[in-house]
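First comes the structure, then the notes that go with it.
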């Protein structure tokens with residue numbers, strides 16, 4: 011479905027982001043429609059004559075429910091990060107009063123987007139569970155409702171091919187714009203790349219919506235698998251909040267995504283500091299570089315080495331937390347670990363949505379101003395928007411996407427070591 015949908019993405023000569031957005035959405039929408047039709051057909055073909063299933067269409071409903079919720083999460087991200095809609099235009103207006111109101115506007119937009127996204131995910135989980143229960147009550151130890159949630163995650167990822175392709179387009183357009191600006195190409199070239207880059211920020215937020223939604227559904231299904239693994243090992247898992255260990259685990263789990271986000275943002279800050287110091291050193295020590303004399307080139311390899319080294323070294327501590335803390339919690343109390351995973355799942359999902367959408371909104375508010383609104387490029391509004399964009403980059407490109415990995419890694423580690431925790 012994704013391959014067929016990609017063939018329908020036709021770019022014209024227009025630099026209007028609405029036309030470009032329509033072209034990209036065509037591929038995604040066609041892939042979704044083909045997936046929905048194919049799901050109904052496959053469900054009827056594989057399970058229609060199977061006596062173990064009460065209604066094979068229940069599984070189709072679960073898959074299509076996940077597909078639709080993924081699409082809706084993407085549309086929510088688009089609404090809050092595209093310069094065609096109110097939230098980004100509101101942030102652009104707030105740049106007229108300085109960086110502080112710009113930052114507050116982006117934070118507000120990101121937080122409001124969480125409410126819509128959580129409501130959509132809740133609906134998706136309910137529909138998937140109902141569809142699974144409709145298909146079958148239970149087969150052995152397999153619960154129909156939980157299975158429905160698992161296949162809903164598959165449905166959400168069914169169009170991954172075209173969604174990831176659209177997401178990958180964003181950085182390509184961004185770097186093309188950077189090259190055009192550094193090469194001092196004709197302004198008309200920069201106009202085209204700016205339009206593509208603005209759309210790329212929105213498509214990236216859409217893809218992040220798909221990713222974090224599927225991560226939440228997957229983690230929920232894995233959590234049920236963890237509960238089953240504990241029971242198979244002779245233990246029992248209770249999530250009764252009246253149990254003080256569960257209560258403590260919930261709070262610790264809700265805390266960890268914030269600590270993880272803080273560590274990743276701090277890592278970006280340290281890497282940026284090293285990069286800026288290196289650039290300043292080269293301007294001081296390489297004759298003619300500051301003046302831009304012909305034949306004088308910067309030491310780009312050194313800058314690349316700084317970024318590469320930082321990206322590897324700075325993630326050691328955050329990555330270790332995702333593995334070590336569930337192990338420690340599990341060996342102390344299995345119920346505390348259950349509460350910990352539940353708290354981290356809810357908190358991590360909300361934080362991922364907030365960071366992705368706030369960062370995208372700040373970025374596109376800057377692009378909106380650069381297109382000629384609120385004084386245009388070089389104005390005081392533009393300077394305030396640049397501050398917002400700079401703050402938003404680690405939000406949408408580092409900490410937000412990392413939440414998906416955090417949620418899934420902690421759940422998988424707990425599942426793998428479930429029998430050891432009981433023993």
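Residue numbers (my numbering): 11 to 433.
Glycine included, every Cβ here is placed at the ideal spot set by N, Cα and C.
Fair warning: this is a prediction, and the values are worked out from it, not measured in the lab.
Give the C-beta separation of residue i and residue j to the nearest angstrom, bearing in mind that I take them to be a contact with Cβ-Cβ under 8 Å.
i, j, result
"residue 172", "residue 41", "5 Å"
"residue 240", "residue 428", "5 Å"
"residue 271", "residue 361", "6 Å"
"residue 424", "residue 351", "6 Å"
"residue 195", "residue 30", "With a Cβ gap of about 20 Å, residue 195 and residue 30 do not count as contacting."
"residue 36", "residue 19", "6 Å"
"residue 413", "residue 267", "6 Å"
"residue 371", "residue 97", "6 Å"
"residue 259", "residue 432", "Contact flag wrong, Cβ pair sits at about 16 Å."
"residue 79", "residue 161", "That belief does not hold up - the Cβ atoms of residue 79 and residue 161 are roughly 13 Å apart, past 8 Å."
"residue 398", "residue 392", "Between residue 392 and residue 398 the Cβ distance is about 11 Å, and since that is not below 8 Å, they are no contact."
"residue 379", "residue 395", "5 Å"
Here's the rule: buried if 16 or more other CB atoms are within 10 angstroms of the residue's CB, otherwise exposed. What is residue i?
i, result
"residue 345", "buried"
"residue 364", "buried"
"residue 93", "buried"
"residue 308", "exposed"
"residue 104", "buried"
"residue 88", "buried"
"residue 283", "exposed"
"residue 408", "buried"
"residue 388", "exposed"
"residue 57", "buried"
"residue 81", "buried"
"residue 374", "buried"
"residue 318", "exposed"
"residue 237", "buried"
"residue 256", "buried"
"residue 77", "buried"
"residue 254", "exposed"
"residue 185", "exposed"
"residue 176", "buried"
"residue 301", "exposed"
"residue 417", "buried"
"residue 286", "exposed"
Let's see if you can read the secondary structure: which residues bound the alpha helix (DSSP H) around residue i?
i, result
"residue 19", "Taken as a continuous stretch (DSSP letters only), residue 19 belongs to no alpha helix (DSSP H), as it is neither H nor E."
"residue 94", "Careful: residue 94 lies outside any alpha helix (DSSP H) and carries neither H nor E."
"residue 429", "428 to 432"
Classify residue i as helix, strand or coil using the three-state DSSP reduction.
i, result
"residue 37", "helix"
"residue 118", "helix"
"residue 108", "coil"
"residue 65", "coil"
With a threshold of 7 Å between beta carbons, is residue i in contact with chain D?
i, result
"residue 216", "In the displayed structure, chain D is absent; only one protein chain is listed."
Which complete alpha helix (DSSP H) runs does the segment 269 to 329 hold, if anything under 4 residues is left out?
310 to 323
Alpha helix (DSSP H) segments (min. 4 residues) lying fully within the segment 129 to 185
154 to 166
Starting from the N-terminal side, write out each stretch of the beta strand (DSSP E) that is 3 residues or longer and does not extend beyond the segment 185 to 255.
none
Please give me, in chain order, every unbroken run of the beta strand (DSSP E) with length at least 3 that falls completely inside the segment 335 to 420.
none
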